[in-house]
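Asker:
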Amino acid sequence: MSQTIATLTLNPAVDVACVAAEVRPTQKIRTADERLDPGGGGINVARVIHELGGETLAVIMTGGVTGRLVEELLDQAGVPWKSLPIGGRTRICLNVQERASHLEYRFVSEGPLIEAAEWRNSLAILEGLDAGWVVASGSLPRGVPEDFYARAAAVGARRGWRFAVDTSGAALRAVVGQGVDLLKLSHGEFESLVGHPVEGQDALAAEIERVLRAGAARMVAVSLGPDGAWLGSAAGLTYLAAPPVQARGAVGAGDSFMAGLVLGLTRGMSPDEALALAVAAGSASVEFYGTAQARRETVEALFRQIGASAPPSVKGPTSGPATGTTRPAG
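Each step along the sequence shown adds one to the number in the UniProt record's numbering, with nothing skipped, and position 214 is 214.
1. Assuming residue 285 contacts residue 242 under a Cβ cut-off of 8 Å, what Cβ separation, rounded to an integer in Å, is found between them?
2. Which partner residues of residue 82 appear in the DSSP bridge assignment?
3. Which stretch, first to last residue, makes up the alpha helix (DSSP H) that contains residue 75?
4. How many Å lie between residue 198 and residue 123 at the Cα?
5. Excluding five sequence neighbours on each side, which residues of the same chain lie with their C-beta closer than 7 Å to the C-beta of residue 23?
6. Would you list the one or two residues that DSSP bridges to residue 258?
7. Entirely within the segment 103 to 151 and at least 3 residues each: give me those beta strand (DSSP E) ranges in chain order.
8. Taking its Cβ as the centre, do 16 or more other Cβ atoms sit within 10 Å of residue 101, making it buried, or is it exposed?
9. With a Cβ-Cβ cutoff of 8 Å, do residue 275 and residue 240 count as a contact?
10. Tell me whether the beta-carbon of residue 57 lies closer than 8 Å to the beta-carbon of residue 131.
11. Between which two residues does the alpha helix (DSSP H) harbouring residue 271 extend?
12. By the three-class DSSP mapping on this structure, what secondary structure does residue 266 have?
13. Would you tell me roughly how many angstroms separate the C-alpha atoms of residue 221 and residue 230, rounded to the nearest one?
14. Would you kindly work out how many angstroms separate the C-alpha atoms of residue 4 and residue 26, rounded to a whole number?
15. Ignore the nearest five residues each way along the sequence and tell me which others in residue 152's own chain have a CB closer than 8 Å to its CB.
16. Determine the extent of the alpha helix (DSSP H) in which residue 212 is found, giving its start and end residues.
17. So if DSSP puts residue 92 in a beta bridge, which residue, or which two residues, is it bridged to?
18. Looking at C-alpha atoms only, which residue of 61, 260, 185, 20 is the closest neighbour of residue 114?
19. If you compare alpha carbons, which of 48, 32, 31 is closest to residue 38?
20. In terms of residue numbering, what span does the beta strand (DSSP E) encompassing residue 165 cover?
21. Which residue or residues does DSSP assign as beta-bridge partners of residue 98?
22. Provide the residue span of the alpha helix (DSSP H) that contains residue 45, from first to last.
23. On the DSSP letters alone, give me the boundaries of the alpha helix (DSSP H) that residue 193 sits inside.
24. Evaluate residue 321 with the Cβ neighbour count: other Cβ atoms within 10 Å of its Cβ, from every protein chain shown; 16 or more gives buried, anything less gives exposed.
25. Beta-carbon within less than 7 Å of residue 246's beta-carbon, same chain only, minus the 5 sequence neighbours each way: which residues are those?
26. Using a Cβ-Cβ cutoff of less than 7 Å, which residues in the same chain neighbour residue 186 once the five nearest sequence positions on both sides are dropped?
27. Using DSSP with H/G/I as helix, E/B as strand and the rest coil, what is residue 243?
28. Per DSSP, what kind of secondary structure is residue 169 in: helix, strand or coil?
29. Per DSSP, residue 223 is paired with what?
30. What's the call for residue 244, buried or exposed, on a 16-neighbour Cβ count within 10 Å?
31. What three-state label does DSSP hand residue 26 in the structure shown?
32. So for residue 304, helix, strand or coil by DSSP?
33. Going by the beta-carbon positions, is the gap between residue 89 and residue 63 smaller than 8 Å?
34. Assign residue 1 to one of two classes, buried (16 or more other C-beta atoms within 10 Å of its C-beta) or exposed (fewer than that).
Structure representation (structure tokens):
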């Protein structure tokens, strides 16, 4: 199987990050420390995979001068890319960190309207991909049908690559049960999927087991930010706590998590080891300012730390998940 992990981003962005002393209405807000990153779920995944030494290809819909800027930024980062040209302009998103409160303000534009011929052309391009995994991550732009990722999964079934998805809302509901190999969700997205609040680790484990039995995907990962993450499959369920880190920015942390998880599986790691790499990558990302800024040396250090701190796996039901807890599904 190919070692290349292709990522699909239908709604990429030029991510602008800056710092302001204080955010107030009406007044001019003077900013500093501006930086530009190529953004969007799949692009973030590809950037982190590249940083960690993996083989990747970012497949992106781009248009206008902002689309060319995304391509230029990917070139500067050394990330291989393939463009799906569109008539509209790629969006710009803004993240402002306020020094006074240490809060982040994120302004996310909706993006261009995609014509039917454009999204159909992207499916045709997917047919020709030579990849071991394809990771579809992020929102669907206007004009793209909500079952697009389900159609992409069908392409993967024909082509023989494994398919991972990280999305939300109608696009998430449409792809569940459609041959997905890995479904990655935040806590909020998981609650939206199951239709009710899920509080506590034992409740999460039970709901993940139920979703797996229902055939939502072959593997289900639920990231909990600073509270760690779960990974469930036919082999069982594993929970890992996140290592303590100093958070400086959260943009792209979930995408960094996905990058570590798929890269670990591609490299032949066990699900437990791949989850540890995912947690390390997600945790490393929040330590740096900007979008998905996981640094390889930080990820590797956190990965070693997680491995050293995890106790032996515990088989069977447990009174409460702790770092490194594993139990069989079912």
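All residues carry an ideal CB built from backbone N, CA and C; glycine is no exception.
Please read these numbers as outputs of a predicted model, since none were measured by experiment.
Answerer: Quick answer:
1. In fact, because the Cβ distance is near 11 Å, the residues do not count as touching under 8 Å.
2. 59
3. 64 to 77
4. 35 Å
5. 29, 96, 98, 105
6. In DSSP, residue 258 forms no bridge with anything.
7. 103 to 107, 133 to 137
8. exposed
9. yes
10. yes
11. 271 to 285
12. helix
13. 6 Å
14. 48 Å
15. 8, 123, 126, 134, 136, 163
16. 201 to 213
17. 14
18. 61
19. 48
20. 162 to 166
21. 20, 103
22. 41 to 51
23. 187 to 194
24. Note that residue 321 scores a pLDDT of 34, beneath 50, so its modelled location is shaky; the value from the coordinates is reported in the next line. Buried.
25. 287
26. 223, 254
27. coil
28. helix
29. 186, 229
30. exposed
31. coil
32. helix
33. yes
34. exposed
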